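S.K.:
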Amino acid sequence: MMASRATQIFVDEHATRPGRDTLTTAFVRAFFIGVSLLFLAALLFAPLATVFTMALEKGYEAYLASFSDPDTGAAIRLTLLTAAVVVPINTVFGLAAAWAIAKFEFRGKSFLITLIDLPLAVSPVISGLVYVLLFGLQGWFGLWLQEHDISIVFALPGIILATMFVTFPYVARELIPLMQQLGNDEEEAAITLGAGAWMTFFRVTLPKVRWGLVYGVILCNARAMGEFGAVSVVSGHIRGVTNTMPLHIEILYNEYNFVGAFAVASLLTLLAVLTLVVKSLVERTGYKGH
Amino acid sequence: MNAAVETRSAPRALRQPSVLPGFGLTFGFTTFFLSAIVLLPLAALVLMSLRLSWSEFWEVILDPRAVGSYRLSFGASLLAAGINLVFGFIIAWTLVRYEFPGKRIIDALIDMPFALPTAVSGIALTTVFAQNGWIGQYLEPFGIKVAYTWIGVTVALTLIGMPFMVRTVQPALAEVQKDLEDAAETLGAGRFHIFRRIILPTVLPAMLTGFALAFARAVGEYGSVIFISGNLPMKTEITPLLIVIKLEEFDYRGAAALGTVMLFISFIMLLAINLLQAWGRRRHTRTGR
Numbered sequence: 006m007m008a009s010r011a012t013q014i015f016v017d018e019h020a021t022r023p024g025r026d027t028l029t030t031a032f033v034r035a036f037f038i039g040v041s042l043l044f045l046a047a048l049l050f051a052p053l054a055t056v057f058t059m060a061l062e063k064g065y066e067a068y069l070a071s072f073s074d075p076d077t078g079a080a081i082r083l084t085l086l087t088a089a090v091v092v093p094i095n096t097v098f099g100l101a102a103a104w105a106i107a108k109f110e111f112r113g114k115s116f117l118i119t120l121i122d123l124p125l126a127v128s129p130v131i132s133g134l135v136y137v138l139l140f141g142l143q144g145w146f147g148l149w150l151q152e153h154d155i156s157i158v159f160a161l162p163g164i165i166l167a168t169m170f171v172t173f174p175y176v177a178r179e180l181i182p183l184m185q186q187l188g189n190d191e192e193e194a195a196i197t198l199g200a201g202a203w204m205t206f207f208r209v210t211l212p213k214v215r216w217g218l219v220y221g222v223i224l225c226n227a228r229a230m231g232e233f234g235a236v237s238v239v240s241g242h243i244r245g246v247t248n249t250m251p252l253h254i255e256i257l258y259n260e261y262n263f264v265g266a267f268a269v270a271s272l273l274t275l276l277a278v279l280t281l282v283v284k285s286l287v288e289r290t291g292y293k294g295h
Numbered sequence: 033m034n035a036a037v038e039t040r041s042a043p044r045a046l047r048q049p050s051v052l053p054g055f056g057l058t059f060g061f062t063t064f065f066l067s068a069i070v071l072l073p074l075a076a077l078v079l080m081s082l083r084l085s086w087s088e089f090w091e092v093i094l095d096p097r098a099v100g101s102y103r104l105s106f107g108a109s110l111l112a113a114g115i116n117l118v119f120g121f122i123i124a125w126t127l128v129r130y131e132f133p134g135k136r137i138i139d140a141l142i143d144m145p146f147a148l149p150t151a152v153s154g155i156a157l158t159t160v161f162a163q164n165g166w167i168g169q170y171l172e173p174f175g176i177k178v179a180y181t182w183i184g185v186t187v188a189l190t191l192i193g194m195p196f197m198v199r200t201v202q203p204a205l206a207e208v209q210k211d212l213e214d215a216a217e218t219l220g221a222g223r224f225h226i227f228r229r230i231i232l233p234t235v236l237p238a239m240l241t242g243f244a245l246a247f248a249r250a251v252g253e254y255g256s257v258i259f260i261s262g263n264l265p266m267k268t269e270i271t272p273l274l275i276v277i278k279l280e281e282f283d284y285r286g287a288a289a290l291g292t293v294m295l296f297i298s299f300i301m302l303l304a305i306n307l308l309q310a311w312g313r314r315r316h317t318r319t320g321r
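Chains as they are written, first to last, in our numbering: chain A, 6 to 295; chain B, 33 to 321.
1. On the three-state DSSP scale, how would you describe A/Phe109?
2. Can you check DSSP and say which residues form a bridge with B/Arg47?
3. To the nearest angstrom, report how far apart A/Val264 and B/Ala151 are at their CA atoms.
4. Can you give the beta carbon distance from A/Val239 to A/Ile164, rounded, assuming they're within the 8 Å contact cut?
5. Where does A/Glu62 land, buried or exposed, given buried means 16+ other C-beta within 10 angstroms?
6. By the criterion of Cβ-Cβ separation under 7 Å, what are the contact partners of B/Val160 in chain A?
7. Which ranges would you report for the alpha helix (DSSP H) in the segment 116-151 of chain B if only whole runs of at least 4 residues count?
8. Indicate whether at least one CB of chain C lies closer than 8 Å to the CB of A/Leu61.
9. Taking DSSP as the reference, what is the three-state secondary structure of A/Gln151?
10. Please classify B/Ala36: does DSSP put it in a helix, a strand, or coil?
11. With 8 Å as the threshold, decide whether the Cβ of B/Phe243 is near any Cβ in chain A.
12. Measuring only the C-alpha atoms, how far is A/Ala35 from B/Gly168?
13. So B/Asp143 contacts chain A; which residues on that side make the cut at Cβ distance below 8 Å?
14. Counting C-beta neighbours from all protein chains within 10 Å, is the total for B/Ile176 16 or more, i.e. buried, or is it exposed?
15. Is any beta-carbon of chain A found at less than 8 Å from that of B/Trp166?
16. Tell me, please, whether the CB atom of A/Leu218 is closer than 8 Å to any CB atom in chain B?
17. Considering only C-alpha positions, which residue in the set B/Leu290, B/Ala310 and B/Trp311 is nearest to B/Asp323?
18. Suppose you measure from the CA of B/Ile226 to the CA of B/Pro145; what does that come to, to the nearest Å?
19. For A/Glu193, would you say it is in contact with chain B, using Cβ-to-Cβ distances shorter than 8 Å as the test?
20. For the alpha helix (DSSP H) containing A/Asn226, list its first residue and its last residue.
21. Closer than 9 Å by beta-carbon distance: list the chain B residues that pair up with A/Lys108, in chain order.
22. Report the residue ranges of all alpha helix (DSSP H) runs contained in full by the segment 214-280 of chain B; include only those spanning at least 4 residues, in chain order.
23. Kindly list, in the order they appear in chain B, the residues whose Cβ is closer than 7 Å to that of A/Ala31.
24. I need the boundaries of the alpha helix (DSSP H) containing B/Pro53, first residue and last residue.
25. Please confirm whether A/Thr119 has its beta-carbon closer than 8 Å to some beta-carbon of chain B.
26. Going by other Cβ atoms of all chains shown within 10 Å of its Cβ, with 16 needed for buried, is A/His253 buried or exposed?
27. Checking contacts by CB at 8 Å: is A/Tyr261 closer than that to chain B?
28. Listing by chain order, which chain B residues have their CB less than 7 Å from the CB of A/Thr172?
29. May I ask you to list, following chain order, the residues of the segment 223-244 of chain B that have a beta carbon less than 7 Å from some beta carbon of chain A?
30. Do you know whose CA, among A/Ile243, A/Phe109 and A/Ile223, lies nearest A/Thr172's CA?
31. Identify whether B/Thr181 lies in helix, strand or coil by the three-state DSSP scheme.
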């Protein structure tokens, strides 16, 4: 089925391009597809397959047993908790930013968009570093926080802040172009006909942008659960307390507990696959992310 | 065009009038949250590095170990972006121009490095390219060591930058008008002539943008590199790792100074990317499509 379709396209292409040397074209085509597949196989498919072969190297029992380690359980819970806090906040921010930017014309708009994208351009290490410099012991507020017995760095608030910084733009940058493209006509009609602001938002705007929103939220979630660099700087790597899943992978790997490290990695890989599946489904509804 | 008219009609107004509600609330929340989470913390970084005197600042950022880390970070990032320039184009071309079984799955998997946590790609790449790994064992007889050398760093950065290049070039390639190619061919243009005169000019802005995006992402990358790099000072130590080491030694000012250098480079890259994208858009409108 697939092959005959490919052949058909191949034939069509040649029918409309009479001057082309068939043998060379076929060779070029094979060369491009071959190089692409080889490149992706070495760099992407082999590492993905490795995650699962290493995780299952000592059989299913060893794989499942690695999840009964209490520190692994604590890491999974911490990652879920962080995402549960960060993703809703960044979703609300993304909706607010998109409403302000897409629905109104004001000065300095493109500058504001650039600032929102800033965390994407900054190294994850810097995203963590800034909070250590603010709230760490020798940071700007370090002494004050110590006197009041508040810990932000090397504790949950720091992890949440660093994750929030890194995943800050994801929902906003999906929604802004989408809302700009869809225009304001329906909203203006709703307001003119007497609908309230919230009603207009929930009944008109939200249904219009729902697929873009889903897309932004799942990307934000994937990055929140997988963030390594920023969280590594602020977490302090306290086993069972401030270790998220990616940090726990590092610890297990450095202890040569490869089954344990790749078992946790396999969960995050499945999350990434799930993210891409949802993304493909969303794109099938006609919404195209950029 | 539209924007020019709007600016002329209200040259002094900060905001155009609109019947829609909620500007104050959403704009206020956006700027407040942006300032609290992103802008003020970044300002704290720059201010912290100002606690050093000029001479101390230069001493930190021109320290041989720091310079060694720049050389690796920028060298490997440039090389990785260059590799992606070639292979990213080939992959984008394959996905746009050819049909083959499994194409849709391959297309979806291009985004994998975006979605996959960097720690996972780090340990997986290290395992594959280690001396006894799936690929490493075939390179070993040729004396090529990938894991724990600068080559490994380049491999990790290539993987991280790949989707940026492919996803930027793909839409630009889809824009290339096939009838132009056909016309050129009918008029006797050779394959390379068509590529150089028709395809390349159309996709060049996109390729340069992709190059800049891949490079910018690679320079700051941490998670996928530290596993495969071996982290030897002066040899396989990237700048972000040096920042982490300084923080662990409680040298906050030194870390802030290096962080400020990296932040400055990020700003320059951001500016370059914006200019490249604007150039691409101008070209796009000029050709009338």
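Yeah, the Cβ is synthetic: ideal placement off N, Cα and C, and Gly gets one too. Since the model is a prediction, treat every value here as computed from it, not as a measurement.
M.R.: This is what the structure holds:
1. The residue you call residue 109 of chain A lines up with position 104 of the first sequence. In the structure shown, A/Phe109 sits in coil (DSSP, three-state: anything other than H, G, I, E or B).
2. Mapped onto the second sequence, residue 47 of chain B falls at position 15. Answer is A/Phe111, bridged to B/Arg47.
3. Here the question's residue 264 of chain A lines up with position 259 in the first sequence. Here the question's residue 151 of chain B lines up with position 119 in the second sequence. Using only the alpha carbons, I get a separation of about 15 Å.
4. As a working mapping, residue 239 of chain A is identified with position 234 in the first sequence. As a working mapping, residue 164 of chain A is identified with position 159 in the first sequence. 6 Å between Cβ atoms; contact.
5. The residue you call residue 62 of chain A lines up with position 57 of the first sequence. The residue is exposed, with fewer than 16 neighbouring Cβ atoms inside 10 Å.
6. Numbered from 1 along the second sequence, position 128 holds the residue referred to as residue 160 of chain B. Ala51, Pro52 and Thr55, listed in chain order.
7. 135-141 and 144-147
8. Going by chain labels, chain C is absent from the structure shown, which instead holds the protein chains A and B.
9. What you label residue 151 of chain A is simply residue 146 of the first sequence in a count that begins at 1. Looking at A/Gln151 - three-state DSSP - the assignment turns out to be helix.
10. Mapped onto the second sequence, residue 36 of chain B falls at position 4. With a pLDDT of only 43 at B/Ala36, under 50, the local geometry of the prediction cannot be trusted, and the value read off the model is given with reservation. In the structure shown, B/Ala36 sits in a helix (DSSP, three-state: H, G or I).
11. Stepping through the second sequence from its first residue, residue 243 of chain B is reached at position 211. False, the Cβ-Cβ gap to chain A never drops below 8 Å.
12. Here residue 35 of chain A refers to the residue found at position 30 when the first sequence is read from its first residue. Here residue 168 of chain B refers to the residue found at position 136 when the second sequence is read from its first residue. Each residue's alpha carbon lies about 26 Å from the other.
13. Translated into positions along the second sequence, residue 143 of chain B becomes position 111. Neighbours of B/Asp143 on chain A, chain order: Leu281 and Lys284.
14. Here residue 176 of chain B corresponds to residue number 144 of the second sequence, with the count starting at 1. Per the 10 Å Cβ criterion, exposed.
15. Residue mapping note: residue 166 of chain B aligns to position 134 of the second sequence, counting from 1. Taking Cβ atoms only, chain A reaches closer than 8 Å to B/Trp166, which makes this a yes.
16. As a position in the first sequence, residue 218 of chain A is number 213, starting the count at 1. No, A/Leu218 lies away from the interface with chain B (no Cβ there is under 8 Å from its Cβ).
17. Any answer about residue 323 of chain B is impossible in this case: the structure gives chain B only from 33 up to 321.
18. Reading the second sequence from its first residue, position 194 is the one you call residue 226 of chain B. Reading the second sequence from its first residue, position 113 is the one you call residue 145 of chain B. B/Ile226 and B/Pro145: Cα-Cα distance of roughly 33 Å.
19. Locating residue 193 of chain A in the first sequence gives position 188, where the first residue counts as 1. Taking Cβ atoms only, chain B reaches closer than 8 Å to A/Glu193, which makes this a yes.
20. As a working note, residue 226 of chain A is residue 221 in the first sequence. Start and end: Leu211 to Gly231.
21. The residue given as residue 108 of chain A occupies position 103 in the first sequence. Those within 9 Å of A/Lys108 in chain B are Ser50, Leu52, Gly54, Phe55 and Thr58.
22. 223-226, 232-252, 255-261 and 271-280
23. Within the first sequence, residue 31 of chain A is the residue found at index 26, counting from 1. Ordered by position in chain B, no residue passes the 7 Å Cβ test against A/Ala31, which lies about 11 Å from the chain.
24. Position 21 of the second sequence, counted from the start, is the residue given in the question as residue 53 of chain B. From DSSP, B/Pro53 is part of no alpha helix (DSSP H); its letter is neither H nor E.
25. Counting from one through the first sequence, the residue named residue 119 of chain A turns up at place 114. At least one chain B Cβ lies under 8 Å of A/Thr119.
26. As a working note, residue 253 of chain A is residue 248 in the first sequence. With 16 or more Cβ atoms within 10 Å of its Cβ, A/His253 is classed as buried.
27. Within the first sequence, numbered from 1, the residue matching residue 261 of chain A stands at position 256. A/Tyr261 does not count as touching chain B.
28. Stepping through the first sequence from its first residue, residue 172 of chain A is reached at position 167. Neighbours of A/Thr172 on chain B: none; closest Cβ ~10 Å, over 7 Å.
29. none
30. Against the first sequence, residue 172 of chain A aligns to sequence position 167. A/Thr172 has its Cα closest to that of A/Ile223, out of A/Ile243, A/Phe109 and A/Ile223.
31. Here residue 181 of chain B refers to the residue found at position 149 when the second sequence is read from its first residue. It is coil, neither helix nor strand.
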